[in-house]
Amino acid sequence: MLRFAVRRLMQLVPILLGLSILLFFWVRALPGGPAVALLGERATPEKIAQINRLYGLDRPWYEQYLSFLERAVQLNFGSSIRTQRPVTEEFLRLFPATVELSLAAGIFAVGLGIPLGYLAARRHTTLLDNVSVTGSLIGVTVPVFFLGYLLRYAFAVKLGWLPATGRQDSREFLDAVHPTGFYVLDGIITGNPAAAWDAAKHLILPGIALGTIPLAIITRITRASVLDVVHEDYVRTAEAKGLLKRTITRRHVLRNAMLPVITVTGLQVGLLLSGAVLTETVFAFDGVGRFLNLAISNRDFSVIQGFILIIAVIVVVVNLLVDIAYGLVDPRVRAR
Amino acid sequence: MGTGTSEELDLGQAPGRPGRTAYDGPLLAVDDLSVTFTRRGRRDVRAVDGVSFAIRPGETVGLVGESGSGKSVTALAVMGLLPGRGVRVGGSVRLEGEELLGASDDRLRDLRGREMAMVFQDPMTSLNPVVSIGVQVTEVLRRHRDMTREQASVEAASLLRRVGIPDPVRRLKDYPHQLSGGMRQRALIASALACRPRLLICDEPTTALDVTIQAQILDLLRQLVRESGTALLMITHDLGVVAGLCDTVHVMYSGRVVESAPRRPLFGSPRHPYTGGLLASIPRLDAPRGAPLHPIQGSPNDTIPWETGCAFAPRCDHRVDACTTSAPALEVRGHASVRCWNPLPPPGRTAAAQEEDA
Amino acid sequence: MTAPHELGAAADPRTAMVLAGAEEGGSLGRDAWRRLRRDPAAVVGFVLVVLFVAVAVLAPWLAPYGPTDTPGQGTVTPTNIPGPSAEHWMGLDNLGRDELSRVLYGARQSLIIGVVSLLLGATVGILLGLLAGAFGGWVDNIVMRVVDMMLAVPQLLFAIAVAAMLGQSLTSVMIAIGVTNVPVFARILRGSMLAQRGSDYALAATSLGVRRRFVVLRHVLPNSLSPVIVQGTLALATAIIDAAGLSFLGLSGSDPGVPEWGRMLSETQRFLASAFHLAVFPGLAIVFAALGFTLLGESLREALDPKYRR
């Protein structure tokens with residue numbers, strides 16, 4: 005098992021190196037080069053030369069790449085031109101919000117998708133099955149931001165049940181402190197359950213908006229996978245042994261049917277983190293995605309470069325962890 | 013093993029288990045079983061059509077036929093493993109007098125694995141790939157024999173040893189992909205026999221295995237059945253398997269039994285042209301060098317519905333006019349029951365003498 | 006499952022498969038077509054797609070107003086944006102333009118972006134996949150490492166990075182979405198070519214002494230294309246959604262006069278409470294267009310996949 009994990013870890017190296025090369029050249033491929041991108045309309049030949057000297061952009065590209073790599077390993081991606089603060093610092097400040105939102109969306113998607121997919125498969129060709137199949141087809145085609153609007157309009161504007169924007173009601177919880185940046189957790193550990201509850205309420209609508217596409221995907225794959233497995237020979241063997249229904253479901257159906265579900269669920273992490281850019285914008289939710297969106301409209305390239313590289317690394321690492329988790333469940337993978 | 017020279021069969025010894033009420037009927041009685049697959053928008057398919065046979069305690073019975081003859085469906089019907097939807101089952105299946113068709117799901121679950129067990133064709137797919145061999149053998153013990161985890165492990169190791177798996181304690185921790193095909197089939201047999209069932213059904217248990225392994229598995233089955241007194245229903249397309257194992261043989265064609273006979277007469281003097289064709293198509297070591305094989309012409313697809321005549325008629329070289337106008341009934345002729353208008357003559361007798369006999 | 010299976014067991018199923026696989030695309034296509042027509046999802050998807058394309062092509066004739074006409078000039082104020090009425094079926098927008106006309110014209114942008122980005126992504130992806138699948142070995146290794154790398158970045162982020170680099174224009178959106186399609190197509194074609202190469206009929210052809218290039222071009226490639234066709238249909242749906250996402254983020258073309266569903270939604274944000282219809286109609290347009298391609302793609306997949314042929 006350990007050897008399997010180490011081997012998978014080694015496969016990360018070329019991917020990460022490649023990504024760094026990609027993003028390194030990305031900035032250099034900007035129209036007019038990074039200096040023009042940085043200066044925008046204020047660019048004059050003297051200023052460009054000055055910037056190029058300052059950032060070492062006049063050196064050969066491989067020297068530049070090596071120093072970029074050296075700084076990237078130290079998580080140094082320069083500073084945001086909008087806020088003047090280091091990119092990594094901004095990311096770390098905002099990341100808890102995005103994690104909180106993604107977790108809410110993930111819990112919604114997995115918690116609803118797996119039972120729904122399972123029931124649809126067991127009641128194959130019934131109404132429930134048809135509804136879940138149709139629903140999941142529609143679910144993947146609804147843009148996150150459109151769904152966000154619909155939810156905001158229905159539950160915040162019209163019904164007034166839930167807050168429309170933000171992470172916390174700033175007037176009511178003016179004095180709430182945030183040692184971890186995870187607002188729900190902060191409310192709990194600082195003995196402020198009302199603040200925790202308020203933060204949780206702020207997660208519901210964006211969580212549903214962000215989690216709907218993963219929900220559709222997970223429902224679908226669970227249903228398909230369970231349908232495949234119940235027709236496997238080993239399930240018939242288990243039936244021939246006279247095992248109880250729940251034993252067969254748990255040990256022989258679910259344990260196998262969950263394998264593709266684990267993989268697909270892992271792949272949703274990338275979808276959640278990129279969907280967060282749109283969701284956070286719709287709900288004015290102060291996280292990594294909204295900051296990235298602001299960086300795009302301000303042509304804040306060091307933020308775009310740094311954030312995308314960090315998110316890509318996170319996605320790759322999470323997928324690795326999912327692979328290892330897969331190995332824990334499937335003995336055949338471990339042996340490979 | 014029985015040498016069945018008469019209608020009366022020589023039974024394997026099957027000591028009654030303590031605590032069981034005396035019951036002197038057959039262990040399994042299948043009576044007029046029919047299975048029809050129905051699918052919306054499609055013609056119904058009658059896979060099994062009025063099949064009757066019985067198995068006595070300890071007896072080994074073969075159900076022989078080509079794929080599509082309905083033999084596997086018969087076995088699944090006995091076990092109650094046919095899918096609930098899209099299948100109509102008629103007739104009667106009784107295990108020690110208890111009717112199984114229409115029995116509750118709970119009752120069938122209690123019987124399966126404990127009183128009757130089944131081994132399937134493909135050991136590569138019949139074991140759950142993500143569950144250890146140990147759990148797959150012990151789960152049936154824990155379900156039916158109320159054993160603790162430890163007791164079941166000990167018992168499972170001894171079962172694996174009995175079916176010839178070396179180093180059984182270590183093997184319990186292994187997963188199916190770590191075992192060869194033959195070993196997997198042994199493990200499946202071990203879990204089928206774990207609760208000492210009265211009836212074991214084997215559906216082509218050796219077809220997916222190498223020839224050398226096939227013989228080992230058959231030897232193992234023969235030995236286990238003799239030791240435990242379990243009755244065995246052997247489903248196969250291979251008359252070679254039947255020859256070494258079965259007391260009684262039922263040959264199926266297109267959903268019906270066309271010939272039933274004890275082993276000796278069946279091999280010595282097959283009466284149904286289909287049985288005769290099957291035997292003639294087996295390569296024999298004692299045949300003269302260069303002697304041609306005689307395969308049955310056509311394919312199992314060339315059938316006519318039983319309602320209009322004998323399903324085998326289009327492929328039969330003994331066909332007479334009656335064969336394509338009405339269906340023959342299963343009739344007792346000598347040692348065998350044969351469903352044929354024009355059966356093959358018994359050895360040493362002319363066709364004329366046979367007419368008198370019938 | 007096995008039971009009814011055995012019933013149909015005609016000749017040896019493996020022989021049948023070899024024969025079916027070795028045949029040219031014709032009968033497979035006809036077979037798939039027959040199943041597609043019977044599938045309600047496929048029919049609905051097909052109708053939606055035809056509708057979408059028709060609207061995109063015929064927008065100037067269908068739309069009651071031009072995309073920049075302002076029939077509501079004077080009546081519209083920021084607090085009073087009229088919703089649907091007999092005169093303006095989808096209401097007016099905040100500048101007094103006819104929403105219906107803008108939604109109809111918006112289909113053009115989506116279709117252009119979808120088709121161009123698909124062609125771009127599919128062409129490059131298929132070439133890479135072909136390279137990897139036909140040669141194998143180290144070529145395959147290098148191509149697949151690059152593909153893995155590209156797949157590591159979430160698709161939308163990847164598109165954002167590319168579009169942000171290229172600047173605000175329609176072209177950069179199309180390139181951005183096209184680039185994200187490249188690894189997907191490369192991987193699918195390569196995977197299905199490897200599977201086909203190892204298949205019985207390809208081995209049979211090779212063992213008969215047929216040259217490798219001939220086997221790949223005449224047998225392996227045509228049989229590997231069906232997953233690519235399926236992916237192409239699905240990629241159109243993704244392209245429409247992603248294009249809307251990019252323009253929602255302000256990365257689309259710089260001419261605000263050209264109606265685009267994603268940007269229409271993004272501009273609505275300020276009027277969400279007072280003019281909800283401005284969010285509903287472009288949003289539904291995206292959903293229906295994407296749904297059409299998704300339904301069509303999914304039913305194509307089922308129709309072409311031998312696994313579903315029973």
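Protein chains in written order, with my numbering: chain A, 5 to 340; chain B, 13 to 370; chain C, 6 to 315. From the three backbone atoms N, C-alpha and C, an ideal C-beta is built for every residue, glycine too.
- Put simply, the CB of A191(C) is far from chain A, with every gap to its CB atoms at 8 Å or more.
- Per DSSP, reduced to three states, the secondary structure at D205(C) is helical.
- Between the alpha carbons of S104(B) and E343(B) lies a distance of about 21 Å.
- Contact between the stretch 133–140 of chain C and the stretch 181–196 of chain C is established, with three or more Cβ pairs separated by less than 8 Å.
- According to the DSSP assignment, Y265(B) belongs to the beta strand (DSSP E) that extends over T260 to Y265.
- Exclusion of the five residues before and after S71(A) leaves G60 as the residues of its chain whose Cβ lies within less than 7 Å of its Cβ.
- Under DSSP, S272(B) forms a beta bridge with H262(B) and S349(B).
- Residue pairing by DSSP places N85(C) opposite T82(C) in a beta bridge.
- Going by C-alpha positions, S136(A) is about 30 Å away from L332(A).
- Put simply, the CB of F286(C) is far from chain A, with every gap to its CB atoms at 8 Å or more.
- The continuous beta strand (DSSP E) containing F49(B) extends over residues L40 to F49.
- Around V239(A), the same chain offers V233, I252, H256 and V257 as residues with beta carbons nearer than 7 Å, after the five sequence neighbours per side are excluded.
- Counting only runs of at least 3 residues, the stretch 62–141 of chain B fully encloses the following beta strand (DSSP E) elements, listed from N- to C-terminal order: 72–76, 99–107 and 128–131.
- Residues of chain A with a Cβ closer than 8 Å to the Cβ of P159(C) are, in chain order, G274, L275, L277, S278, I315, A316 and V319.
- DSSP places T238(C) inside the alpha helix (DSSP H), whose first and last residues are L226 to F253.
- For secondary structure counted as the beta strand (DSSP E) over 3 or more consecutive residues, the stretch 281–310 of chain C holds no complete run.
- By the criterion of at least three beta-carbon pairs nearer than 8 Å, the stretch 124–139 of chain B is not in contact with the stretch 162–174 of chain B.
- Contact of R150(C) with chain A by beta-carbon distance below 8 Å involves P18, I19 and G22.
- Cβ-Cβ separation between G267(B) and R58(B): approximately 6 Å, consistent with a contact (criterion under 8 Å).
- Interface with chain A (8 Å Cβ-Cβ cutoff): E167(B) is excluded.
- Within the model, the alpha-carbon separation for C335(B) versus Y286(B) is close to 13 Å.
- When DSSP states are grouped into helix, strand and coil, L221(B) belongs to the coil group.
- With respect to T299(C), L141(A) sits close: the two C-beta atoms are nearer than 8 Å.
- Judged by their CB atoms, P264(A) and S229(A) are nearer to each other than the 8 Å cut-off.
- When rounded, the separation of the alpha-carbon atoms in L276(A) and G211(A) is 10 Å.
- Following the DSSP letters along the chain, one finds D215(B) inside the beta strand (DSSP E) bounded by residues L211 to D215.
- Within chain A, the residues N297, I300 and S301 have their CB atoms less than 9 Å from the CB of G255(C), given in chain order.
- In the DSSP assignment, I225(A) falls within the alpha helix (DSSP H) that extends over P197 to V234.
- At a Cβ-Cβ threshold of 8 Å, A112(C) and A37(C) do not count as neighbours.
- Contact annotation: L13(A) and E104(A) have beta-carbon atoms that are not nearer than 8 Å.
- Taking one beta carbon from each stretch, the stretch 173–180 of chain B and the stretch 193–207 of chain B have 3 or more pairs nearer than 8 Å; the two touch.
- Put simply, the stretch 229–249 of chain C touches the stretch 143–153 of chain A. At least three CB pairs are less than 8 Å apart.
- Not one beta carbon of chain A lies nearer than 8 Å to the beta carbon of M195(B).
- Distance between Y69(A) and Q197(B), taken at the CA atoms: about 59 Å.
- Fully enclosed beta strand (DSSP E) runs of no fewer than 3 residues are not present anywhere in the stretch 78–152 of chain C.
- Spanning the alpha carbons of I67(B) and C214(B) requires a straight line of approximately 14 Å.
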